[in-house]
Each structure stands twice: as C-alpha cells, then as structure tokens.
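The structure appears right after this line, and notes come after that.
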Amino acid sequence: NMAVGLQQRVEILKALYRKAKILILDEPTAVLTPHEVEQLFEVIEKLRESGVSLIIITHKLEEVKAISDRVYILRRGKCEGERNTKDITKEDMANLMVGREVVLTVHKEKKEVSGDPIFELSDIVVKNEKNLNALDGLSLNVRPGEIVGIAGVDGNGQTELAEAIMGLCKLENGKILFKGERLEKCSTRQRRNKHISNVPADRQQFGLILPMDISENMVLGFHDEKPYAHGFNLALNNIHDYAERMVKDYDIRATGVDEPVENLSGGNQQKVILAREFSRNPEFLLVAQPTRGLDVGAIEYIHSQILKMRDNNVGILLISLELEEVFSLSDRILVLYEGKIVKEFIPEETTDKEVGFYMTGGKKIESGEKE
17 NMAVGLQQRV EILKALYRKA KILILDEPTA VLTPHEVEQL FEVIEKLRES
67 GVSLIIITHK LEEVKAISDR VYILRRGKCE GERNTKDITK EDMANLMVGR
117 EVVLTVHKEK KEVSGDPIFE LSDIVVKNEK NLNALDGLSL NVRPGEIVGI
167 AGVDGNGQTE LAEAIMGLCK LENGKILFKG ERLEKCSTRQ RRNKHISNVP
217 ADRQQFGLIL PMDISENMVL GFHDEKPYAH GFNLALNNIH DYAERMVKDY
267 DIRATGVDEP VENLSGGNQQ KVILAREFSR NPEFLLVAQP TRGLDVGAIE
317 YIHSQILKMR DNNVGILLIS LELEEVFSLS DRILVLYEGK IVKEFIPEET
367 TDKEVGFYMT GGKKIESGEK E
C-alpha cells in the first residue's frame, strides 16, 4: 500500500544495507510525480556525497542535466560520445541519440474548441480482480478537435479506463456515449467500426502479432473487409499495396512489408500501429502510453502525428504516465486518482507540481493558506 516513491526508497535502502558501493537505477522516475522526483534526487545527492557511485539509465534529458556529472550517449547499442554534463546541451544529446537534428519542443497551436462532446463517459464503475472499484463513478467528455490528457500515478485506473472504452471489461454502472449513441452493449469490433480507433498501452501484447509481417499487422481487425478481402479470401495484392503506402507515409524503417514486425525497433512497431489506426479515419481516438520506451526521435514523430489528428478535428483521449507529454499535447488535463477524476486543469494555467499534488491525492487549500 506504500506510494511508489516510498517503495523505490525501500529498494535503495535494501541495496545500501548490503553495503553496495555502485547503484544502478534504470528509469528511476518513470512512474513518479514531480514532487517524488525531487525527493529521489535529494536521496541521490546524499548517496553521491557519501561516496556511492551511481549509474542512471534514462531517456529524460532534463533529468540527465539536473543530476549527473558525466553522460554517455547510446545509439543502437554503441556509445556515440562521453561528455561532462555541464558541457553539453539537451539538444546536442538528443541529436547524438538519434543521429539527426531533433526538435524537442512540441509546437501546438492554441485553438478554441466548442460544440457538443463527441465522446462521453458518465458515472462509470469497473471492478478490478480484487472486486474493488478500479473506476469509481468516473465521468469525462472529449470534443472534436480536442486532446484531453489523463494524468495519474500508475495503477489508479488507467488500464481499466482504456478497457472500458474499448469494451474489454464489464461495466458495473455508467454510460458510454459516442455522438450521442449508447455503446455499453457494443462489442469491441462494433465500436471500432463506428470510427473509434485505439493505440494500446502495450504495443507488443495488444497492438501487434509479432511473428506476422507488416502487411498482415496493417489490416488487423478489418482484414475481412473490402478491399482487403473477397468473400473468404484475402486480397493479398490490395493488402500489399496498402501496407507499402503506409510504410512510406509513416516512414517505417523496414526491409519490406513482408518483414515480421518482431524484427522492427520499438519506434517502428509503434508506427505500424499508428498507421493502421490513424488511416481508418477515426472520429475518436484513444491513445495510451504512445511513446513508452521510445527514443526522442520516435517521440518527436509520434507527437506530430497525434497533433495532426487533432488538427483534423479528431477527438483524442491521451492516457500517459509521462507528465511532460500530457502537458505538451493536451488542451485539457484531467487528474485520475483512485478511479476518479479529482481535478481538471488547463495546461497553460497550472504547473506540473500542482498537477502532481493532485495525482497523489492532495487537496488544494482554497482558503489562501500555503499548501
């Protein structure tokens, strides 16, 4: 029942109890709130002062600058350079990581969104495997051309929220509406046929069939529809042509469309999913953990594609554990805590610390007292 940040400190204490002099931390801030990150960095600083050597593996360049003395930049399993951290910029690190110039800042045009919601959840209740409420009366809405970001510490209902939207779990209570139509009794297939697309959080387990090739994965879920099928037979030429077009349009790096997706990098696997889901002309898009485990180059590309869908008037619900990503892409931020939406923010009108406060169950004091 301990908070994730406390669990992490227990793990560090276990290592120190064994008198470890070298401590390796792999993505130590991946599921921490901004306040917990600050606390972790204080612990790291004290360890460094006590003579412990630390190796931190992370893709978060801001944290590399904040906490390290030296940095090694890796690309495709090779070291592209060693620098004193104070002598290298985030931009130069990103360029070395990817092998080209990378734009780190998301350029999102401010837009006014009005009109009726295209997608709504009302008073949703979903039980978890322990028969407890994973979603506890959750309500939200998304309008066309709007990105609504879900911010929350992992394990507060994100998985169940995505499953409820796509019809993959049982609803105990509540309504799901798409363009005013009730969806609770619709199957996952029926929901997808209504122009609802889904980029799942775990691309390898739920988004792809790894031994199958790119062309086969490109038509997963609608392989039996025209023009990709004629009766009971697959129209292989049409599938091949479609896949080649998607590989070109989404810059998927592969030897050909007959290459198994298990051979692709994580970024190119994610591009296969994006190409399939985005090309279906969705009106509502559920995107969960879209850049998990990807390098800064792939992140840059995927963010640009999500914003293109927003500009094409698609309503988007973004579920991400990366608070920086939620801030960069979202028009509105909803904080999810213990299965409930506890606060709504406009990104430009708040800070990551304030959002992080609510992510851990904090209640802002409205009376003017200091938090």
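Under the working numbering, the first residue of the sequence shown carries the number 17, and numbering increases by one thereafter. Idealized CB from N, CA, C, for every residue including glycine.
First and last residue of the beta strand (DSSP E) that includes residue i?
{"i": "N144", "result": "No beta strand (DSSP E) holds N144; DSSP gives it neither H nor E."}
{"i": "S231", "result": "That residue, S231, is in no beta strand (DSSP E); its alpha helix (DSSP H) goes I230 to M234."}
{"i": "G190", "result": "N189 to F194"}
{"i": "L345", "result": "Note, L345: premise wrong, no beta strand (DSSP E); alpha helix (DSSP H) at L339 to L345."}
Would you mind giving the Cβ-Cβ distance between residue i and residue j, rounded to the nearest angstrom? I have them listed as a contact below 8 Å.
{"i": "T376", "j": "V169", "result": "7 Å"}
{"i": "I289", "j": "L333", "result": "Wrong, their Cβ atoms sit about 16 Å apart, outside the cutoff."}
{"i": "I89", "j": "L112", "result": "4 Å"}
{"i": "G173", "j": "L151", "result": "5 Å"}
Distance check for residue j and residue i, CA to CA, integer angstroms please.
{"i": "H256", "j": "G355", "result": "43 Å"}
{"i": "K143", "j": "I38", "result": "42 Å"}
{"i": "K380", "j": "D85", "result": "Because the pLDDT at K380 is just 46, under 50, the model does not fix this residue reliably, and the value given afterwards should be weighed accordingly. If I take the Cα positions, the gap works out to 36 Å."}
{"i": "E382", "j": "E58", "result": "With a pLDDT of only 39 at E382, under the threshold of 50, the placement of this residue in the model should not be trusted, and no figure is reported."}
{"i": "E52", "j": "L323", "result": "30 Å"}
{"i": "T271", "j": "E364", "result": "43 Å"}
{"i": "V277", "j": "Q321", "result": "20 Å"}
{"i": "V114", "j": "G97", "result": "12 Å"}
{"i": "E294", "j": "G283", "result": "For the sequence presented, residue 294 should be read as Phe rather than Glu. Between F294 and G283, the C-alpha separation is close to 16 Å."}
Skipping 5 residues on each side, what residues in its chain have a beta carbon closer than 8 Å to that of residue i?
{"i": "I134", "result": "V158, R159, P160, F194, K195, E299, F300 and G331"}
{"i": "I357", "result": "L154, S155, L156, L350 and V351"}
{"i": "A291", "result": "M234, M262, V263, D265, Y266 and I268"}
Looking at the unbroken alpha helix (DSSP H) that takes in residue i, where does it start and where does it end?
{"i": "G313", "result": "V312 to D327"}
{"i": "I212", "result": "Unbroken run through I212 is the beta strand (DSSP E), I212 to V215; no alpha helix (DSSP H)."}
{"i": "L199", "result": "Unbroken run through L199: none, as it is neither H nor E."}
{"i": "G283", "result": "G282 to F294"}
Residue i bridges to which residues according to DSSP?
{"i": "G97", "result": "I89"}
{"i": "P276", "result": "D229"}
{"i": "V351", "result": "A167 and K359"}
{"i": "D389", "result": "What the structure shows of the chain is the stretch from 17 to 387, and residue 389 is not part of that stretch, so it cannot be assessed."}
{"i": "N149", "result": "K143"}
{"i": "L137", "result": "L156 and I192"}
{"i": "L333", "result": "V164 and L302"}
With a CB to CB cut of under 6 Å and the five nearest residues on each side skipped, what residues in its chain are close to residue i?
{"i": "E385", "result": "Summary for E385: the model assigns pLDDT 41, below 50, so the residue's position carries little reliability, and this model does not support an answer."}
{"i": "N254", "result": "P243 and Y244"}
{"i": "G247", "result": "none"}
Starting from the C-beta of residue i, find all residues in its chain whose C-beta is less than 7 Å away, skip the five residues before and the five after it, and write them out in chain order.
{"i": "L70", "result": "L39, L41, I60, L63 and R64"}
{"i": "S231", "result": "I255, H256, A259, V273 and D274"}
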